[in-house]
Amino acid sequence: MRPVTTVAASVDTKQTYVADFASSERELGGPEWLRAVRKKAIGHFEALGFPTQKHEQWKFTNLATLLRIPFKPAILGRPGGVVAENLDPFTFGVLKTSQLVFVNGRYAPRLSYLRSLPEGVRVAPLAEMLRAEPETLEKHLTRYAQFEDDPFVALNTAFFQDGAYVEVPKGTVVGEPIHLLFVSTSRDLPIVAHPRNLILMGAGSQATVIESYAGWAPDVTFTNAVTEVAPGPGAVLDHYKIQREAETAFHIATMTVHQDRDSSFSAHSISLGGGLVRNYVHTLFRAPGGSLTLNGLYMTAGNQQADNYTRIDHVAPACTSVELYRGILGGRSRGVFNGNIYVRKDAQKTVARQTNKNLLLSKEAFVDSTPGLEILADDVKCNHSSTIGQLDENAVFYLRSRGIDEEAARNILTYAFAADVVNQVKVAPVRIKLDQLIVSRLPRGAGLGETL
Amino acid sequence: MLEIKDLHVKVAGKEILKGIDLSINAGEVHAVMGPNGSGKTTLAQVLAGRVTYEVTGGRARFEGKDLLAMKPEDRAREGVFMAFQYPVEIPGVSNAYFLKAALNAIRKYHGREEIDAMDFVSLVQDKAKLLGLDETFMKRGLNEGFSGGEKKKNEVFQMAVLEPKLCVLDETDSGLDIDALRVVANGINAMRSPTRAMLVVTHYQRLLDYVIPDFVHVLVDGKIVKSGDADLARNLEKHGYGWILEETPRPPQAARA
């Protein structure tokens, strides 16, 4: 039996976080406006408290273990020693990238490097930007991710120290992907970090941003990340989030995207690591003509849990969203897909497609899939579908009947299930890396040989 | 090459094959014909090793080895190939990857090295030409979105690449238009050889107009009731299965659960 989140435990833990805020508030610092926002945020957090399984959105997510562990804010703990070689497994071979590394939410200059970027493009630690240009950030930072009704966004807003700031000016194309690598580590005490990212895309600009989350067992860590994204008119942004923390890691991440006119945004969320991972992606079309691709793959084993909550807000008319999430669950792992699409009254000519498919590799694995569509406009094309199943035994037999052994046949079919999502990764070295990672997570997957 | 003796098979608790005897030598093409539900597909599937088919009696030897004791993959590696009546669509696995994996699994079983990438390409090109398959086909998902005709061509194409000793063709003509039928039949005929045997399972005679069998067996209610040469197939086409049913005293029906 898993422990149940009790209200009492949740209240005690809440008070600890509130007290930690009081004792680190001075050190967290930031410009005046931000201090005010932090105060407001911790107030909302205190009022909201941690969600229990009685909350509809948290029905399948048990936070008891997370709340029992006395996580210390990274600002109060000692940073672990991370050296460049530790990061090799989390990079992408031949891929040329600018790379910002954050250890427990703090920028690590010695592990980071910037390649030459087009004029006006800024890739910098948020803390530095807050010192240098607080008024630039005031217009955007904390303006997209709402903390009023989300305790984890509220916590992040209260506590964040650092993260990545990416700004691509009007009409500028950044050819090489920008890699943001977040490492969580803890030496003695369990550590909680609250990285905060802001990505601003000027009109007609283009870029690719990769967020990786990494860590190692037996470090017990909690990452509570928030990323705010604002693609301007006609901007094109490809975003990848790759979760590769250890199974001793807790990870809650929120991404809020406000798309301007004719912008094109694609997000690919690949969850392979972490003990308890919850991704919440909230996108909003604030002007017509936008297009959105929301892809996700969660591949869990053992006792892992991976939740994906998505919310797509079609506020403006004539926008298109295509969402595809696939889950592969083995062992006693659990997964949740909960996708909500809202088509508002004025969002005529909306096209929205949502698909969630799940493959259960063991009898003990569990997944809850809840697709959702709420349509208030009348001239729209929308559909959604959800499936949960096992490997097709006819397909297994077909492969075996050609000489392929049973284990390899099952591996090939499991890999193929993930391929729909992975094949949409446009950056070849990232795609190849993901292929390798997926294959390595198959039972005896190394025997699969070359890329399929 | 293949020696089937008194083979009894149940599917979902119901006896479908009720004592099959059949010997096939290298170089021979045997056709098994019969009305719907006579057990033709069961015979093909049980030779390929589908687990949902329960062998309740008899035996089948392939080159002296106990075929029924082998796993499906080992049967394939020993040289048994079944062309499926309904080939499975597997998106995400390309035809090229699949075929190379199969070919190498078979080679490895025989202690041979993996095929060289260039050799594989030229092998595949030759065989694809034989079946009129274009180059893009190898990159597509396995049978993904293929028409009925393309799927059947792909089965015969795989057979041509894997070069089995025994080819079992399960209703390979079903769903083919006349042009596709000719192409498929040409592919099959190109594989006839003194060292290879074929078992062609079919409801209709039309495939046998192109792939002329050496022997024809009529399967009725789980038993071979008549055997002959290619003329027997032509007679069946002309007169249907009725006359055979009349000619053959039917065994009393076993009580069904």
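These protein sequence lines map, in sequence, to chains W and E.
In this text, residue positions in the first sequence follow the working numbering: the first is 1, and each later residue adds one.
In this text, residue positions in the second sequence follow the working numbering: the first is 1001, and each later residue adds one.
From the three backbone atoms N, C-alpha and C, an ideal C-beta is built for every residue, glycine too.
In this text the structure is predicted, and so the values were computed from the model without any measurement.
- According to the DSSP secondary-structure assignment, E:Cys1167 is paired through a beta bridge with E:Phe1081, E:Met1198.
- E:His1239 sits exposed, since fewer than 16 C-beta atoms from the chains shown fall within 10 Å of its C-beta.
- In summary, E:Met1118 is exposed, with fewer than 16 beta-carbon neighbours lying within 10 Å of its beta-carbon over all protein chains present.
- Apart from sequence neighbours up to five positions away, the residues of its chain that approach W:Val421 with a beta-carbon distance below 6 Å are Asn295, Leu297, Arg326, ordered along the chain.
- Contacts with chain W (Cβ-Cβ distance below 7 Å) from the region 1111–1130 of chain E involve no residue at all.
- In this structure, E:Thr1052 sits away from E:Val1201, with a CB-CB distance that is not shorter than 8 Å.
- By the rule that beta-carbons nearer than 8 Å mark a contact, E:Gln1205 does not touch chain W.
- In this chain, the beta strand (DSSP E) harbouring E:Ile1016 covers 1014–1024.
- E:Gln1158 reaches chain W at Arg402, counting residues in chain order whose Cβ is nearer than 9 Å.
- Runs of the alpha helix (DSSP H) lying entirely within the region 355–421 of chain W, each at least 4 residues long, are 393–400 in chain order.
- The way I'd put it, the region 1225–1235 of chain E doesn't touch the region 1056–1076 of chain E; fewer than three beta-carbon pairs between them come closer than 8 Å.
- Not one beta carbon of chain W lies nearer than 8 Å to the beta carbon of E:Ile1188.
- Taking a cut-off of 8 Å on C-beta distances, the region 136–147 of chain W does not touch the region 99–106 of chain W, as fewer than three cross pairs fall below it.
- Between the alpha carbons of W:Ile328 and W:Ile412 lies a gap of roughly 13 Å.
- Interface flag for E:Val1088 against chain W is set, since a Cβ pair is found closer than 8 Å.
- Contact check for W:Gly275 against W:Glu247 passes: the beta carbons are separated by less than 8 Å.
- Per DSSP, reduced to three states, the secondary structure at E:Ser1038 is coil, with no helix or strand assignment.
- For E:Ala1031, the nearest beta carbon of chain W is not closer than 8 Å to its own beta carbon.
- E:Gly1039 sits close to E:Ile1016, with the two beta carbons spaced by under 8 Å.
- Interface criterion met: the Cβ of W:Ala395 is under 8 Å from a Cβ in chain E.
- Cβ contact annotation for E:Met1070 (same chain, cutoff 6 Å, sequence separation greater than five): none.
- Each residue's CA atom was taken as its position, placing W:Gln348 and W:Leu87 some 47 Å apart.
- Judged by DSSP in its simplified three-state form, W:Asn303 adopts coil rather than helix or strand.
- The beta carbon of E:Gln1085 sits closer than 7 Å to the beta carbons of Thr1041, Asp1170, Glu1171, Ser1174 from its chain, once the five residues preceding and following it are set aside; these are given in chain order.
- Neighbours of W:Phe417 in chain E, taken as residues at a C-beta separation under 7 Å, are given in chain order as Gly1092.
- The CB of W:Glu406 comes closer than 9 Å to the CB of Lys1071, Pro1072, Glu1073 in chain E, given here in chain order.
- The Cβ of W:Leu437 sits no closer than 8 Å to any Cβ of chain E.
- Setting aside the 5 residues that flank it on each side, W:Leu324 is surrounded in the same chain by Asn295, Thr355, each with a C-beta closer than 6 Å to its C-beta; the list follows chain order.
- Two segments are said to touch when three or more pairs of C-beta atoms, one from each, lie closer than 8 Å; by this definition the region 330–344 of chain W touches the region 362–369 of chain W.
- Listed along chain W are Arg402, Gly403, each with a C-beta nearer than 8 Å to that of E:Leu1162.
- Residues are counted here when their Cβ sits less than 8 Å from a Cβ of chain W; for the region 1045–1061 of chain E these are Ala1048, Gly1049, Arg1050, Val1051, given in chain order.
- For the pair W:Phe159 and W:Glu407, the Cα-to-Cα distance works out to about 47 Å.
- Exposed is the label assigned to E:Ile1178, since fewer than 16 other Cβ atoms lie within 10 Å of its Cβ.
- Under a criterion of Cβ atoms nearer than 7 Å, the residues of chain W adjacent to E:Ala1102 are, in order, Arg402, Gly403, Ile404.
- For the C-beta of W:Asp420, the chain E residues within less than 8 Å are, from N- to C-terminus, Pro1091, Gly1092.
- Scanning chain E for C-beta atoms nearer than 9 Å to the C-beta of W:Leu413 yields Ile1090, Gly1092, Val1093, reported in chain order.
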